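This report refers to the structure that appears directly beneath it.
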Amino acid sequence: MQITSPSFKENSRGALADAQLQKALGNVRAGFIDKRLKAVEALPEFDLLRDNARAIKDHVLAHLDLYLEAYEKKVTESGGHVHWAETAEDARRIVLDICRKANARTVTKGKSMITEEIGLNDFLEAEGIRPVETDLGEYIIQLRGEHPSHIIAPAVHLNKEQVEADFRRVHKHLAEGRDLSEPESLLGEARSVLRSEYFAADVGITGANFLVAETGTSIIVTNEGNGDLTQILPRVHIVMASLEKIVPTLDDASQILRVLARSATGQDMSVYTTLSTGPRRPGDPDGPEEYHVVLLDNGRSSMLGTEFQEMLRCIRCGACMNHCPVYHAVGGHAYGWVYPGPMGAVLTPSLIGVDKAGHLPNASTFCGRCEEVCPMRIPLPKMMRHWREREFERGLNPATQRYGLGLWAFFAKRPRLYRLASSLGIPVLSLLGGGKRRFRYLPLAGGWTKYRDLPAPEGRTFMQQWRDGGASVRARVA
Amino acid sequence: MSAREAILKKVRASLGASPEDGARREAAEHRLASPPRGIIPARGQLGDEERVVLFCKMAEKVSASVQRVERAEDVPAAVADYLRARNLPASVRMGGDPRLEAMPWARLKSLEIKNGKAGYEDEVGVSHASVGVAETGTIAMFSGPGNPTTVNFLPEHHIVVVDAKDIEGDLESVMSRVREKFGKGQMPRTLNFITGPSRSGDIEQKLLLGAHGPRALHLIVVG
Chain A
1 MQITSPSFKE
11 NSRGALADAQ
21 LQKALGNVRA
31 GFIDKRLKAV
41 EALPEFDLLR
51 DNARAIKDHV
61 LAHLDLYLEA
71 YEKKVTESGG
81 HVHWAETAED
91 ARRIVLDICR
101 KANARTVTKG
111 KSMITEEIGL
121 NDFLEAEGIR
131 PVETDLGEYI
141 IQLRGEHPSH
151 IIAPAVHLNK
161 EQVEADFRRV
171 HKHLAEGRDL
181 SEPESLLGEA
191 RSVLRSEYFA
201 ADVGITGANF
211 LVAETGTSII
221 VTNEGNGDLT
231 QILPRVHIVM
241 ASLEKIVPTL
251 DDASQILRVL
261 ARSATGQDMS
271 VYTTLSTGPR
281 RPGDPDGPEE
291 YHVVLLDNGR
301 SSMLGTEFQE
311 MLRCIRCGAC
321 MNHCPVYHAV
331 GGHAYGWVYP
341 GPMGAVLTPS
351 LIGVDKAGHL
361 PNASTFCGRC
371 EEVCPMRIPL
381 PKMMRHWRER
391 EFERGLNPAT
401 QRYGLGLWAF
411 FAKRPRLYRL
421 ASSLGIPVLS
431 LLGGGKRRFR
441 YLPLAGGWTK
451 YRDLPAPEGR
461 TFMQQWRDGG
471 ASVRARVA
Chain B
479 MSAREAILKK
489 VRASLGASPE
499 DGARREAAEH
509 RLASPPRGII
519 PARGQLGDEE
529 RVVLFCKMAE
539 KVSASVQRVE
549 RAEDVPAAVA
559 DYLRARNLPA
569 SVRMGGDPRL
579 EAMPWARLKS
589 LEIKNGKAGY
599 EDEVGVSHAS
609 VGVAETGTIA
619 MFSGPGNPTT
629 VNFLPEHHIV
639 VVDAKDIEGD
649 LESVMSRVRE
659 KFGKGQMPRT
669 LNFITGPSRS
679 GDIEQKLLLG
689 AHGPRALHLI
699 VVG
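Going line by line, the protein sequences match chains A and B. Under the numbering used here, the first residue of the first sequence carries the number 1, and numbering increases by one thereafter. Under the numbering used here, the first residue of the second sequence carries the number 479, and numbering increases by one thereafter.
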């Protein structure tokens with residue numbers, strides 16, 4: 001997938017001017033926040049569960065090598081195969097080999113963000129294998145040649161009229177005069193089209209929400225049931241998972257499941273939580289004959305032991321982006337790669353480099369809502385700040401910003417000089433502000449004044465007001 | 479060096495951990511051997527009848543329909559009523575679960591029962607749940623020779639029988655039952671937790687029932 005994170009600013013400008021997108025983004029603001037709040041308020045133990053979920057993942061990360069070994073052993077015992085992939089390229093090759101051995105022509109896919117990360121669909125297609133996304137949102141964006149704009153609601157940037165147009169364009173075999181004006185009819189059509197794909201597929205690929213070391217089990221969570229039809233009907237099931245999906249035990253998975261669905265969609269539990277262990281057993285009437293797990297590193301092992309380790313607690317619920325004012329304004333595609341919103345602003349620089357993704361951790365107001373709602377208590381603003389520091393250390397931000405900060409730092413480190421300069425500068429700016437007490441244009445602050453006025457200072461500095469004990473403020477209020 | 483070794487080596491190097499560190503190994507082995515239960519919500523910790531009532535209430539909240547019958551032999555008639563009330567054909571797909579097979583289906587002369595895994599054209603599936611979870615109105619289905627997983631997903635209507643005595647308060651209790659039934663560290667091939675009928679909110683965030691799985695989930699609670 002082409003990375004456009006370096007042009008985040010241009011992407012955002014485009015997004016803000018896109019009326020269709022802005023209309024669709026209203027659904028994010030309206031939908032997710034209240035539902036989550038209701039579900040959370042109905043469970044008094046929610047915050048205790050968050051603390052425990054964090055503790056579980058911290059424990060896993062500190063013992064990750066051991067749990068990976070334990071997990072692999074159990075998968076093998078149950079007749080499955082574990083494949084280790086250091087890079088995206090390795091993972092793609094492994095999947096292709098399995099597909100080739102199965103003589104696969106069609107591959108159905110449940111929703112999986114790491115297959116986006118490794119660009120699996122384009123690769124399989126180039127190799128003559130047809131991937132079919134089965135999650136309704138993923139199916140829609142696959143028809144459009146797009147990528148997900150949200151990690152749990154991939155087509156949240158679209159309106160139903162756009163989906164209707166795509167279905168009419170692609171489903172040529174269906175009657176032209178059919179009614180597709182409502183989401184119900186669109187869903188019905190996707191359901192019937194995809195039914196035959198499930199049966200035609202030779203291989204089914206799903207992601208994993210958890211891998212359980214105790215039993216060698218992979219867990220997926222869906223509402224549609226598409227992940228299940230993807231994995232039980234074809235002859236071969238491939239699970240794509242990154243290293244940090246491991247949890248020690250079934251109880252640990254249960255604890256985190258309780259915070260996952262509530263944080264994601266405001267459900268107490270998603271409709272389908274499916275635990276899969278190995279291939280079909282003797283006597284089983286259905287299920288896949290082969291069960292493979294591809295364990296992907298792709299940069300995660302390098303995050304361990306750094307200030308970004310805590311990001312590996314992420315369970316991909318999407319709550320951070322659902323509550324992010326920046327995401328609400330520009331949507332997911334502006335972020336330019338697979339992971340948008342606050343979690344993407346931290347993870348993307350780790351995976352593709354801060355030189356390419358430096359704008360992302362800067363695209364934050366540090367309002368802190370993401371950390372407030374994160375079920376795994378990941379300190380997202382703090383980590384974005386770490387990226388800003390690294391970016392500064394490496395001299396990656398623009399010269400004006402660097403010199404500006406340098407100039408400010410020079411004065412900030414010399415308090416007397418700072419006070420002198422501000423006591424001289426403030427009255428001048430106050431005067432220049434004129435009767436309206438604001439600036440419509442200010443040199444070096446064009447980025448601000450282009451969209452809004454800058455209020456002019458009121459005449460005295462904070463320190464001056466502090467010294468007179470706030471008398472001047474009280475006088476004005478009175 | 480294999481990819482496996484390379485990854486494990488990188489993980490250990492980043493963590494500053496040595497493979498010989500006995501204390502780390504012991505901590506991991508201990509957690510696997512005696513899993514801590516964690517925080518169990520008070521919601522489901524109720525007496526027997528209250529627990530069943532909560533289960534029914536939570537299942538209805540997620541758009542399942544629920545019916546209680548007194549005895550297992552009442553189930554076939556309840557299934558027939560369900561089909562009639564919805565104008566469905568008198569034909570169901572049913573795995574060979576012994577608990578279902580012991581029921582008096584033969585009394586219903588006109589009902590066709592198709593055994594084995596579900597197919598493309600099945601409209602109604604009947605399954606037996608192994609456990610119910612009161613805190614969320616969830617049912618747990620263990621796959622096996624008599625319990626094809628396809629019956630849980632392919633039919634438009636899924637009718638699931640669950641014994642009142644198998645309804646637990648919380649998810650962790652299901653996990654304990656799994657360990658008891660299959661042995662420690664062992665699992666059925668597929669364990670499906672199902673909470674309501676299938677749904678999608680992918681078009682304009684409008685929640686619609688009947689995505690890829692059943693459009694309707696009907697629970698028959700016995701006892």
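Glycine included, every Cβ here is placed at the ideal spot set by N, Cα and C. From a predicted model like this one, the values you see are computed outputs, not experimental measurements.
Looking at the strands, I want to know which residues DSSP matches up with Pro513(B). As a working mapping, residue 513(B) is identified with position 35 in the second sequence. Per DSSP, none; premise fails for Pro513(B).
Once the 5 residues before and after Ala558(B) are set aside, which same chain residues still bring their CB inside 8 angstroms of it? On the second sequence, position 80 is the one that residue 558(B) refers to. So the list reads Ala568, Leu586 and Leu589, once near-sequence residues are dropped.
I'd like to know if Gln20(A) contacts chain B, where contact means its C-beta is closer than 7 angstroms to some C-beta of that chain. For the purposes of this step, residue 20(A) is taken as the residue at position 20 of the first sequence. By this cut-off, Gln20(A) is not an interface position.
Contact list for Pro633(B) against chain A, beta-carbon separation under 9 angstroms: As a first step, residue 633(B) is located in the second sequence; it is residue number 155 there, counting from the start. Those within 9 angstroms of Pro633(B) in chain A number zero; the least Cβ separation is about 11 angstroms.
For Asp166(A), which residues from the same chain have a beta carbon less than 8 angstroms from its beta carbon, with the 5 sequence-adjacent residues on both sides left out? Counting from one through the first sequence, the residue named residue 166(A) turns up at place 166. Contacts found: Ile140, Leu143 and Arg144.
Under 7 angstroms Cβ-Cβ, which residues of chain A neighbour Ala481(B)? Sequence index remark: in the second sequence, residue 481(B) carries index 3 (1-based). What Ala481(B) touches in chain A: Trp84, Ala85, Glu86 and Asp90.
Partner residues on chain B for Val271(A), Cβ-Cβ distance less than 8 angstroms: The residue given as residue 271(A) occupies position 271 in the first sequence. What Val271(A) touches in chain B: Val540, Ile672, Thr673, Gly674, Pro675, Ser676, Arg677 and Gly691.
From Val193(A), Pro183(A) and Gly188(A), residue whose alpha carbon lies closest to that of His173(A): Taking the first sequence and counting its residues from 1, the one referred to as residue 173(A) is at position 173. It is Val193(A).
Could you name the residues that DSSP lists as bridge partners for Thr273(A)? On the first sequence, position 273 is the one that residue 273(A) refers to. Looking at the DSSP assignment, Thr273(A) forms a beta bridge with Val221(A) and Phe671(B).
Measuring straight from C-alpha to C-alpha, what distance separates Ala55(A) and Cys374(A)? Here the question's residue 55(A) lines up with position 55 in the first sequence. Here the question's residue 374(A) lines up with position 374 in the first sequence. The straight-line gap from Cα to Cα measures roughly 14 angstroms.
Hey, how far is the Cα of Gln2(A) from the Cα of Asp252(A)? One-based indexing of the first sequence puts residue 2(A) at position 2. One-based indexing of the first sequence puts residue 252(A) at position 252. So the two alpha carbons sit approximately 37 angstroms from each other.
With 16 other Cβ atoms within 10 Å as the buried cut-off, status of Cys367(A): Counting from 1 along the first sequence, the entry for residue 367(A) is found at position 367. Looking at its Cβ environment, which holds fewer than 16 other Cβ atoms inside 10 Å, Cys367(A) is exposed.
Beta-carbon separation of Lys662(B) and Thr628(B) under 7 angstroms? Within the second sequence, residue 662(B) is the residue found at index 184, counting from 1. Within the second sequence, residue 628(B) is the residue found at index 150, counting from 1. No, these two residues do not count as a Cβ contact at 7 angstroms.
Any Cβ of chain B within less than 7 angstroms of the Cβ of Val95(A)? Here residue 95(A) is taken as the residue at index 95 of the first sequence, counted from 1. No, because no Cβ of chain B sits closer than 7 angstroms to the Cβ of Val95(A).
For Arg262(A), collect the residues of the same chain with a Cβ closer than 8 angstroms to its Cβ; drop the 5 residues on either side in sequence, then sort them by chain order. For the purposes of this step, residue 262(A) is taken as the residue at position 262 of the first sequence. Excluding positions up to five away in sequence, the list reads Arg36, Ala39, Val40, Leu43, Phe46, Asp268 and Pro375.
With a threshold of 7 angstroms between beta-carbons, can Pro595(B) be considered close to chain A, or not? On the second sequence, position 117 is the one that residue 595(B) refers to. Note on residue identity: the sequence assigns Lys, not Pro, to residue 595(B). Yes, its Cβ sits closer than 7 angstroms to a Cβ of chain A.
Does Asp251(A) have its Cβ less than 7 angstroms from a Cβ in chain B? Taking the first residue of the first sequence as 1, we reach residue 251(A) at position 251. Cβ-Cβ to chain B under 7 angstroms: yes for Asp251(A).
Note down, one range per segment and in chain order, each alpha helix (DSSP H) of at least 4 residues found wholly within the segment 336-408 of chain A. 341-352, 354-357, 359-362, 369-373 and 380-393
Which residues, taken in chain order from the segment 340-366 of chain A, show a beta carbon closer than 8 angstroms to some beta carbon of chain B? none
Three-state class that DSSP yields for Ser78(A) in the structure shown: For the purposes of this step, residue 78(A) is taken as residue 78 along the first sequence, with counting starting at 1. Of the three classes helix, strand and coil, the one that applies to Ser78(A) here is coil, per DSSP.
Assign His508(B) to one of three DSSP states: helix, strand, or coil. Counting from one through the second sequence, the residue named residue 508(B) turns up at place 30. Residue state, collapsed to three classes: helix.
Identify every run of the beta strand (DSSP E) within the segment 598-640 of chain B, keeping only runs that are complete inside it and at least 3 residues long; order them along the chain. 602-606, 609-611 and 616-620
So Leu697(B) and Val638(B) are supposed to be a Cβ contact under 8 angstroms. How far apart are they, rounded? Position 219 of the second sequence holds residue 697(B). Position 160 of the second sequence holds residue 638(B). The Cβ separation is near 5 angstroms, so the contact holds.
Select from Ile238(A), Ala175(A) and Asp286(A) the residue whose C-alpha is nearest the C-alpha of Thr668(B). Within the second sequence, residue 668(B) is the residue found at index 190, counting from 1. Considering only alpha carbons, the answer is Asp286(A).
So which residues on chain A does Gln523(B) lean against when the C-beta distance must stay under 7 angstroms? Stepping through the second sequence from its first residue, residue 523(B) is reached at position 45. Near Gln523(B) there are no residues of chain A at all, since even the closest Cβ is about 11 angstroms away, more than 7 angstroms.
Where Glu484(A) sits in the DSSP three-state scheme: For residue 484(A) there is no data in the structure shown, the boundaries of chain A being 1 and 478.
Suppose only complete runs of 3+ residues qualify. What are the beta strand (DSSP E) ranges in the segment 143-201 of chain A, listed by chain order? none
Whose C-beta lies closer than 6 angstroms to the C-beta of Lys160(A) among residues of the same chain, with five residues either side of it excluded? Within the first sequence, the letter at position 160 stands for residue 160(A). For Lys160(A), where only same-chain residues beyond five positions count, the Cβ hits under 6 angstroms are Pro183.
Would you mind sorting Lys413(A) into buried or exposed? The rule is 16 or more other CB atoms within 10 Å of its CB. Sequence index remark: in the first sequence, residue 413(A) carries index 413 (1-based). Lys413(A) comes out exposed.
Within 7 angstroms (strictly less), CB to CB, does Thr108(A) reach chain B? The residue labelled residue 108(A) in the question sits at position 108 within the first sequence. No, because no Cβ of chain B sits closer than 7 angstroms to the Cβ of Thr108(A).
Who are Ile141(A)'s beta bridge partners in DSSP? Here residue 141(A) corresponds to residue number 141 of the first sequence, with the count starting at 1. Note: Ile141(A) sits in no beta bridge, so no partner.
Alpha carbon to alpha carbon, how far is Pro248(A) from Ala537(B)? Give it in angstroms, no decimals. In the second sequence, the residue the question calls residue 537(B) occupies position 59. In the first sequence, the residue the question calls residue 248(A) occupies position 248. Rounded to whole angstroms, Ala537(B) to Pro248(A) spans 29 angstroms at the Cα level.
For chain B, find out if any of its Cβ atoms is closer than 7 angstroms to the Cβ of Val259(A); answer yes or no. Within the first sequence, numbered from 1, the residue matching residue 259(A) stands at position 259. Val259(A) does not count as touching chain B.
Shorter than 7 angstroms from the beta carbon of Met665(B) to some beta carbon of chain A? As a working note, residue 665(B) is residue 187 in the second sequence. Closer than 7 angstroms to some Cβ of chain A, the Cβ of Met665(B) qualifies, so yes.
In this structure, does DSSP put Phe439(A) in helix, strand or coil? Within the first sequence, the letter at position 439 stands for residue 439(A). If DSSP states are grouped into helix, strand and coil, Phe439(A) belongs with the strands.
On the three-state DSSP scale, how would you describe Pro16(A)? As a position in the first sequence, residue 16(A) is number 16, starting the count at 1. Checking the sequence, you will find Leu at residue 16(A) rather than Pro. Of the three classes helix, strand and coil, the one that applies to Leu16(A) here is helix, per DSSP.
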